[in-house]
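Trainee: Starting off with a structure, shown below.
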Amino acid sequence: VPPRDYPPGPKPVPLLGNVRDLTAKELWLPAAQWAKTYGDVVYLNALGIGLVFLNSPDAASDLLDKRGSIYSDKPALVMAGELCGCKNMVAFTGYGPQMRQQRRLLHKAFGVATIPSYHPLLLSETHTFLRRLVVDPVDYIKHVRRYAGGLTLSVTYGYQPVSNDDQFLELAEECVHILSERIASGGGIWPVDVLPFLQHMPLWMPGAGFKRNAIKWKRKMEEFVDRPYEYMKSSMKSGNYKPSFCSNLLEDTSMQQQEDFEFHLKWSANSMYSASIDTTITVVSHFLLAMILYPETQRKAQAELDSVVGTDRLPTFEDRSQLPYVESIFKEVLRWGVPVPLNLPHRLMEDDIYNDMYIPKGSLVFGNIWAMMRNETMYPDPDTFNPDRFMTKLAPELERKRNPKNYAFGFGRRQCPGMNLVDSSVWLLIASMLATLDVGKAVDEHGKVVEPEIKFENPIFRTPNPFKCDLRPRNQKALSLIKQSEILSS
Ligand code: HEM
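Residue numbers (full-length UniProt numbering): 26 to 515.
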């Protein structure tokens with residue numbers, strides 16, 4: 026076999042490789058530039074670890090989908106996985122029986138067929154969210170967080186938070202923060218991941234701060250896994266409980282036979298929580314931003330809702346098929362916002378050859394969703410938020426290829442197990458907000474319009490920092506619909 030070259034990419038320097046190329050806060054921006062310069066597959070290395078960026082839907086599908094049996098592993102991270110105890114969370118588990126069992130449980134809960142059973146809950150959580158929002162619209166992120174957290178606690182454990190400072194919401198909040206801002210900051214790679222012997226440093230040694238932190242964080246993570254689960258079990262014992270992901274599976278006797286069933290159940294349940302908060306906040310923030318910056322799309326969607334749903338009731342799932350413009354807004358929010366721009370890395374388990382290029386075993390492979398969603402041929406004028414781009418009917422194959430929902434949730438055997446739920450929950454949230462609220466730029470105390478300040482600081486999610494906006498009921502009638510929804514959902 027003739028020797029193959031690595032895929033092209035920016036020139037590395039000795040020893041460090043491309044470490045300096047990888048320090049950008051919004052790494053997807055330089056990664057999109059590399060895609061333009063070097064093509065569909067780009068290769069870099071950081072301290073000897075290969076990093077592969079797949080920049081087109083075809084490359085991502087050829088490798089992450091079609092060769093899923095070798096492209097679905099996760100890096101074994103010493104810090105996040107071992108020391109902080111996250112190795113049993115679904116997003117961190119290596120490719121093997123544990124991952125398959127946990128994903129099977131998640132699929133049972135969130136497969137397409139089960140989603141309608143969540144519709145009543147989605148309606149009542151969405152209406153509750155609207156009621157909180159109209160009372161206190163300034164701190165809207167707080168309400169989105171409470172909505173996403175409350176929905177997940179409800180679906181997973183049958184637990185209904187009692188207030189914004191609810192014990193489980195607060196615990197979850199703290200843990201999600203530790204996970205995304207501390208443990209996974211910098212891509213989740215710590216010196217101890219590159220030099221594993223560091224884990225044997227004694228705790229008292231200078232430089233062992235990471236170990237002392239890890240002990241603290243691990244304790245919190247375990248509390249986060251155990252406490253809501255114990256709550257759910259004791260309420261099942263008392264007979265007074267709401268059916269949930271956990272209770273349904275615990276009552277399913279065929280499940281009990283599986284090895285370590287409760288262990289996997291507990292960790293899969295927890296994985297949903299960590300995975301749903303930042304992502305939901307990101308998507309809703311991009312929706313609000315788009316509505317502020319493109320008011321004409323908002324008016325157009327409101328006109329569609331008024332003519333299909335009318336103004337005497339709130340939208341429901343039965344209306345969905347008749348609301349193509351709202352649907353296009355949802356797609357465009359996922360495309361324009363790109364909530365997880367570089368996907369989560371998959372680890373390649375064997376040496377591989379693709380289009381005559383050599384990709385070494387152990388490489389971390391990134392689906393470059395950002396580059397795909399900003400592709401000028403597929404989406405002309407890609408930086409502009411333009412739902413109309415999805416309004417023309419295309420042949421089914423092209424339709425599927427252009428649909429951002431097929432990319433925003435990742436690829437292959439690791440694709441987001443929550444995507445069917447999100448497809449319903451976020452759609453309803455968007456439709457309900459459009460039907461009842463006007464979203465606009467904030468106005469300061471001198472009557473001056475405040476332009477939203479848009480900054481991205483999270484290395485994994487493209488979450489805009491909270492920006493000011495003006496959220497208010499469209500009119501008196503919309504306000505009374507929101508208020509009356511309490512009676513309907515109770
Ligand atoms: C709100 C929008 C959401 C977006 C945009 C999103 C996106 C993603 C992406 C891009 C991945 C990585 C897929 C890959 O590695 O190829 C992922 C993984 C995951 N998501 Fe989501 N997600 C969302 C919400 C949710 C929700 C609500 C849940 C749970 C109910 C969830 C559960 C998970 C889990 C458990 C994983 C890890 C899967 C694995 O590694 O096998 N996500 N998500």
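Don't be surprised by glycine CBs; every beta carbon is placed ideally from N, CA and C.
Use the C-beta contact count for Asn380: other C-beta atoms within 10 angstroms, 16 or more gives buried, fewer gives exposed.
Mentor: Counting from 1 along the sequence shown, the entry for residue 380 is found at position 355. That one is exposed.
Trainee: Can the beta-carbon of Tyr184 be found closer than 9 angstroms to that of Met257?
Mentor: Within the sequence shown, residue 184 is the residue found at index 159, counting from 1. Within the sequence shown, residue 257 is the residue found at index 232, counting from 1. Yes, the Cβ-Cβ distance between Tyr184 and Met257 is below 9 angstroms.
Trainee: On the premise that Leu330 lies in contact with Lys243, defined as a C-beta separation below 8 angstroms, what is that separation, rounded to the nearest angstrom?
Mentor: Here residue 243 is taken as the residue at index 218 of the sequence shown, counted from 1. Here residue 330 is taken as the residue at index 305 of the sequence shown, counted from 1. Not really, about 48 angstroms apart at Cβ, beyond 8 angstroms.
Trainee: Which residues in the same chain have their Cβ closer than 7 angstroms to the Cβ of Pro349, if we skip the five residues on either side of it in sequence?
Mentor: Counting from one through the sequence shown, the residue named residue 349 turns up at place 324. Within the same chain, Pro349 has close Cβ partners Met416.
Trainee: Asp191 and Gln323 - do their beta-carbons sit closer together than 9 angstroms?
Mentor: The residue given as residue 323 occupies position 298 in the sequence shown. The residue given as residue 191 occupies position 166 in the sequence shown. Not in contact: Gln323 and Asp191 (Cβ atoms no closer than 9 angstroms).
Trainee: Using the rule of at least 16 other Cβ atoms within 10 Å of the residue's Cβ for burial, across every protein chain shown, is Ala56 buried or exposed?
Mentor: As a working note, residue 56 is residue 31 in the sequence shown. It is buried - the Cβ of Ala56 has at least 16 other Cβ atoms within 10 Å.
Trainee: Nearer than 8 angstroms: is that true of the beta carbon of Ala300 relative to any heavy atom of the ligand PLP?
Mentor: Questions concerning the ligand PLP fall outside what the structure shown contains, since the ligands it does hold are the ligand HEM.
Trainee: With a 10 Å radius around its C-beta and 16 neighbouring C-beta atoms as the bar for buried, classify Asp218 as buried or exposed.
Mentor: As a first step, residue 218 is located in the sequence shown; it is residue number 193 there, counting from the start. By the 10 Å Cβ count, Asp218 comes out buried.
Trainee: Whose C-beta lies closer than 7 angstroms to the C-beta of Met403 among residues of the same chain, with five residues either side of it excluded?
Mentor: Working through the sequence shown from its first residue, we reach residue 403 at position 378. Result list for Met403: Arg427, in chain order.
Trainee: Run through DSSP, which three-state label would Asn393 get?
Mentor: Taking the sequence shown and counting its residues from 1, the one referred to as residue 393 is at position 368. Coil, per DSSP.
Trainee: From the DSSP output, read off the bridge partner residues of Gly472.
Mentor: Working through the sequence shown from its first residue, we reach residue 472 at position 447. Partner(s): none; Gly472 has no beta bridge.
Trainee: Could you compute how far the alpha carbon of Glu276 sits from the alpha carbon of Lys502?
Mentor: Residue numbering aside, residue 276 sits at position 251 when the sequence shown is read from its first letter. Residue numbering aside, residue 502 sits at position 477 when the sequence shown is read from its first letter. Rounded to the nearest angstrom, the two C-alpha atoms are 44 angstroms apart.
Trainee: Is any heavy atom of the ligand HEM found at a distance shorter than 8 angstroms from the C-beta of Met124?
Mentor: If you number the sequence shown from 1, residue 124 lands on position 99. Yes.
Trainee: Per DSSP, which one or two residues make a beta bridge with Met382?
Mentor: Here the question's residue 382 lines up with position 357 in the sequence shown. The partner list for Met382 (beta bridge, DSSP) reads Asp30, Tyr379.
Trainee: Measuring alpha carbon to alpha carbon, tell me which of Phe391, His168, Ser510 ends up nearest Leu88.
Mentor: For the purposes of this step, residue 88 is taken as the residue at position 63 of the sequence shown. Among Phe391, His168, Ser510, the Cα nearest to that of Leu88 belongs to Phe391.
Trainee: Would you verify that the beta carbon of Val464 is, or is not, closer than 9 angstroms to some beta carbon of chain D?
Mentor: In the displayed structure, chain D is absent; only one protein chain is listed.
Trainee: Leaving out five residues before and five after Pro412 in sequence, what residues of the same chain have Cβ atoms less than 6 angstroms from its Cβ?
Mentor: Looking up residue 412 in the sequence shown gives position 387. For Pro412, where only same-chain residues beyond five positions count, the Cβ hits under 6 angstroms are Thr322, Ser353, Ile354, Glu357.
Trainee: Please state whether DSSP places Val38 in a helix, a strand or coil.
Mentor: The residue you call residue 38 lines up with position 13 of the sequence shown. In the structure shown, Val38 sits in a strand (DSSP, three-state: E or B).
Trainee: Suppose you measure from the CA of Pro39 to the CA of Ile240; what does that come to, to the nearest Å?
Mentor: Locating residue 39 in the sequence shown gives position 14, where the first residue counts as 1. Locating residue 240 in the sequence shown gives position 215, where the first residue counts as 1. Answer to the nearest angstrom: the Cα atoms are 35 angstroms apart.
Trainee: Going by the beta-carbon positions, is the gap between Ser457 and His152 smaller than 9 angstroms?
Mentor: Here residue 457 refers to the residue found at position 432 when the sequence shown is read from its first residue. Here residue 152 refers to the residue found at position 127 when the sequence shown is read from its first residue. Contact: yes.
Trainee: What I want to know is whether the C-beta of Lys99 ends up closer than 8 angstroms to one or more non-hydrogen atoms of the ligand HEM.
Mentor: Here the question's residue 99 lines up with position 74 in the sequence shown. Yes.
Trainee: Could you tell me whether any non-hydrogen atom of the ligand HEM is closer than 8 angstroms to the CB of Ile394?
Mentor: On the sequence shown, position 369 is the one that residue 394 refers to. Result yes, Cβ under 8 angstroms from the ligand HEM.
Trainee: Sorted by chain position, which residues of the same chain lie with C-beta nearer than 8 angstroms to Ser296's C-beta, five sequence neighbours on each side aside?
Mentor: By one-based count along the sequence shown, residue 296 stands at place 271. Correct list, in chain order: Met114, Val115, Ala116, Gln127, Leu131.
Trainee: Output the distance between the C-alpha atoms of Phe481 and Pro340, rounded to the nearest integer angstrom.
Mentor: Against the sequence shown, residue 481 aligns to sequence position 456. Against the sequence shown, residue 340 aligns to sequence position 315. When rounded, the distance between both Cα atoms is 32 angstroms.
Trainee: Taking 8 angstroms as the cut-off, is the beta-carbon of Phe434 closer than that to any non-hydrogen atom of the ligand HEM?
Mentor: Numbered from its first residue, the sequence shown carries residue 434 at position 409. Yes, Cβ of Phe434 sits closer than 8 angstroms to a heavy atom of the ligand HEM.
Trainee: For a quick check, are the C-beta atoms of Leu76 and Asn393 less than 9 angstroms apart?
Mentor: Taking the sequence shown and counting its residues from 1, one reaches residue 76 at position 51. Taking the sequence shown and counting its residues from 1, one reaches residue 393 at position 368. Contact flag unset, no.
Trainee: Which residues in the same chain as Gly437 place their Cβ atom closer than 7 angstroms to its Cβ, once the five residues preceding and following it in sequence are excluded?
Mentor: One-based indexing of the sequence shown puts residue 437 at position 412. Within the same chain, Gly437 has close Cβ partners Leu89, Asp90, Gly93, Tyr96, Ser97.
Trainee: Is it the case that the Cβ atoms of Cys271 and Ile208 are separated by a distance below 9 angstroms?
Mentor: On the sequence shown, position 246 is the one that residue 271 refers to. On the sequence shown, position 183 is the one that residue 208 refers to. Contact: no.
Trainee: Is it right to say Ser515 is buried, meaning 16 or more other beta carbons lie within 10 angstroms of its own, or is it exposed?
Mentor: On the sequence shown, residue 515 is found 490 positions in, with the first residue counted as 1. Confidence in Ser515 is poor, its pLDDT being 45 and thus under 50, which makes the residue's placement unreliable; the coordinate value appears in the next sentence. Exposed is the call here.
Trainee: Can you say whether Glu424 is buried or exposed, counting buried as having 16 or more other CB atoms within 10 angstroms of its CB?
Mentor: Translated into the one-based positions of the sequence shown, residue 424 becomes position 399. Burial call: exposed.
Trainee: Taking Gly465 as part of the alpha helix (DSSP H), name the residues at either end of that continuous run.
Mentor: Numbered from 1 along the sequence shown, position 440 holds the residue referred to as residue 465. Per DSSP, Gly465 belongs to no alpha helix (DSSP H); it is in the beta strand (DSSP E), 462-465.
Trainee: Check whether the stretch 143-160 touches the stretch 282-296, taking contact to mean three or more Cβ pairs, one atom from each stretch, closer than 8 angstroms.
Mentor: Output reads no: the stretch 282-296 does not touch the stretch 143-160.
Trainee: For Ser81 and Ala396, I'd like the C-alpha separation in whole angstroms.
Mentor: In the sequence shown, the residue the question calls residue 81 occupies position 56. In the sequence shown, the residue the question calls residue 396 occupies position 371. Distance between the alpha carbons of Ser81 and Ala396 is about 7 angstroms.
Trainee: Does Met408 come out as helix, strand or coil in the three-state DSSP assignment?
Mentor: Counting from 1 along the sequence shown, the entry for residue 408 is found at position 383. Note that residue 408 is Asp in the sequence shown here, rather than Met. Looking at Asp408 - three-state DSSP - the assignment turns out to be coil, as it is neither helix nor strand.
Trainee: Which residues bound the beta strand (DSSP E) around Ala71?
Mentor: In the sequence shown, the residue the question calls residue 71 occupies position 46. Start and end: 66-71.
Trainee: I need the boundaries of the alpha helix (DSSP H) containing Gly174, first residue and last residue.
Mentor: Counted from its first residue, the sequence shown places residue 174 at position 149. Element bounds for Gly174: 165-182.
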